[in-house]
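Student: Count along the sequence shown starting at 1, add 1364, and that's the number in our numbering.
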Amino acid sequence: MDWQQIDLGTEFTPGTHPPENYQNSFHIVISDDEILTIDGVHPWRPLDQDEWRWLGLESIESHYLGSINDLPLFVDEVDPEAEEPEGYEFATLWSFLNQVDQQIFYLVGRAKQVVEWHRNHHHCGQCGKVTTTSTFDRSRKCPECNLMFYPRLSPSIIV
């Protein structure tokens, strides 16, 4: 699939639970709040399933973001100490601003927000107990005090 021909505004369907069976997928890789990019490849694109497999990076957590034309899209968080694979580099979200299409910037921003939310809400902010991931939506819940944690939306506006 030619990534540059995809219209994310109409072809991306957000979701919280991946399909049970799929042959191919896309992967956004994040380490220490930075996004993996392919050296010299502009504009940015996510990795396909084969590229992700062959990188040799181990995922700490993987989150399903939705699908693009029935192909699942995941964000994979890797160890902050992981070495950059040869031919790849990690870049900040802000380095994407004005360098990629707005829809791609929003998608990568969403991926980063989901990773941050999951990492920062392993424990309840009210009672300190370990939270659990919901089976029906994108939330974490404290089994002790029933406090729910949802990803924070961080819209950006340029004025």
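Even glycine gets a Cβ: it sits at the ideal position worked out from N, Cα and C.
At which residues does the alpha helix (DSSP H) containing Gly1430 begin and terminate?
Tutor: Premise fails: Gly1430 lies in the beta strand (DSSP E), 1423-1432, not in any alpha helix (DSSP H).
Student: Which residue marks the beginning of the alpha helix (DSSP H) containing Thr1374, and which one marks its end?
Tutor: Where Thr1374 is concerned, the enclosing alpha helix (DSSP H) stretches over 1372-1375.
Student: Excluding the 5 residues flanking Glu1453 on each side, which residues of the same chain have their C-beta closer than 7 angstroms to its C-beta?
Tutor: Contacts found: Thr1401, Asp1403.
Student: For Asp1412, which residues from the same chain have a beta carbon less than 7 angstroms from its beta carbon, with the 5 sequence-adjacent residues on both sides left out?
Tutor: Correct list, in chain order: Asn1388, Phe1390.
Student: In whole angstroms, what separates the C-alpha of Trp1416 from that of Ile1424?
Tutor: C-alpha separation (whole angstroms): 14 angstroms.
Student: Let me confirm a value: Cys1506 is counted as buried when at least 16 other C-beta atoms fall within 10 Å, else exposed. Which label applies?
Tutor: Result: buried.
Student: List in chain order: all unbroken alpha helix (DSSP H) runs of 4+ residues lying wholly within the segment 1423-1488.
Tutor: As far as the segment 1423-1488 is concerned, its whole alpha helix (DSSP H) runs of at least 4 residues are 1466-1484.
Student: Where do the N-terminal and C-terminal ends of the beta strand (DSSP E) with Glu1398 fall, by residue?
Tutor: 1398-1402 is the extent of the beta strand (DSSP E) around Glu1398.
Student: At the level of alpha carbons, what is the spacing between Leu1461 and Phe1469?
Tutor: Spanning the two alpha carbons is a distance of roughly 7 angstroms.
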